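Counting from 33, one number per residue, gives the positions in the sequence shown under the numbering used here. Beta carbons are placed, not taken as given, at the ideal position from N, Cα and C, and that holds for glycine. Since this is a predicted model, take the numbers as computed values, not measurements.
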Amino acid sequence: MLNTAVRAARQSGRIILMHYDRLDRIEVTQKGRNDFVSQADTEAEEIALEILLKAYPEHGVVAEESGRREGGEYTWVIDPLDGTTNFIHGFPQFAVSIAVLKGSTIEHGVIYDPLRNELFTSSRGQGAQLNDRRIRVSNCGLLELALLGTGFPFRELDRLDQWVKAFRTLTRRSAGIRRTGSAALDLAYVAAG
Numbered sequence: 033m034l035n036t037a038v039r040a041a042r043q044s045g046r047i048i049l050m051h052y053d054r055l056d057r058i059e060v061t062q063k064g065r066n067d068f069v070s071q072a073d074t075e076a077e078e079i080a081l082e083i084l085l086k087a088y089p090e091h092g093v094v095a096e097e098s099g100r101r102e103g104g105e106y107t108w109v110i111d112p113l114d115g116t117t118n119f120i121h122g123f124p125q126f127a128v129s130i131a132v133l134k135g136s137t138i139e140h141g142v143i144y145d146p147l148r149n150e151l152f153t154s155s156r157g158q159g160a161q162l163n164d165r166r167i168r169v170s171n172c173g174l175l176e177l178a179l180l181g182t183g184f185p186f187r188e189l190d191r192l193d194q195w196v197k198a199f200r201t202l203t204r205r206s207a208g209i210r211r212t213g214s215a216a217l218d219l220a221y222v223a224a225g
């Protein structure tokens with residue numbers, strides 16, 4: 033299953049890069065406040081679904097753009113373009129994110145950054161890898177030495193003041209904070225140390 037997810041992520045990444053080279057001509061729709069979907073999102077999701085469901089037609093799917101399809105014991109979770117806002121603005125921080133669950137347990141996960149050709153993979157009980165090299169989270173145990181990765185609730189601004197207050201506190205107490213705009217890549221970088 034992991035190999036199939038990798039193939040789907042790489043093919044989705046290829047579609048995304050094709051559109052990234054032509055951002056001035058890409059179709060973008062606004063689904064809601066700070067919530068966009070581009071032609072790259074939908075085409076990348078289509079190719080991922082085609083690959084995954086050809087290999088595993090009995091599996092369920094939860095996909096960002098096309099929604100949910102019930103299936104058997106396994107469910108694929110797909111974000112074909114995590115960081116769409118970055119992508120449509122030409123900010124080079126986005127990724128393909130694919131996971132497969134058995135029941136409610138994640139079995140395998142893939143995060144693919146097509147611009148850097150960085151492939152993060154993980155399998156339950158087997159750790160994580162970046163381009164086939166084992167990665168581990170940092171063993172830093174002190175907040176003041178830690179570099180933190182975070183996001184902001186960009187759609188729910190009613191609690192923004194609380195988030196900014198927490199951000200200010202953590203900025204003062206840590207070695208620094210990064211917010212890339214791609215939650216999948218943020219988590220992958222945490223896994224890499």
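Closer than 8 Å is the cut-off here; do at least three beta carbon pairs connect the region 143-155 with the region 117-133? yes
Nearest CA to the CA of Gly-157: which residue from Leu-174, Leu-175, Thr-137 and Leu-147? Thr-137
How big is the Cα-Cα spacing for Glu-102 and His-91? 8 Å
Between the C-alpha atoms of Ile-83 and Arg-39, what's the straight-line distance to the nearest angstrom? 8 Å
Quick one: residues in its chain with C-beta nearer than 6 Å to the C-beta of Ala-41, no 5 flanking neighbours on either side, listed in chain order? Val-128, Ile-130, Val-142 and Tyr-144
According to the neighbour-count rule (16 or more other Cβ atoms, all chains shown, within 10 Å of its Cβ), is Ala-207 buried or exposed? exposed
In three-state terms, what does DSSP make of Phe-184? coil
In angstroms with no decimal places, state the Cα-to-Cα distance between Arg-217 and Arg-57. Residue identity differs from the one stated: residue 217 is Leu in this sequence, not Arg. So the alpha carbons of these two residues sit roughly 26 Å apart.
Who are the near neighbours of Phe-184 in its chain, counting only those whose CB is closer than 7 Å to its CB and skipping five residues on each side? Trp-195 and Arg-211
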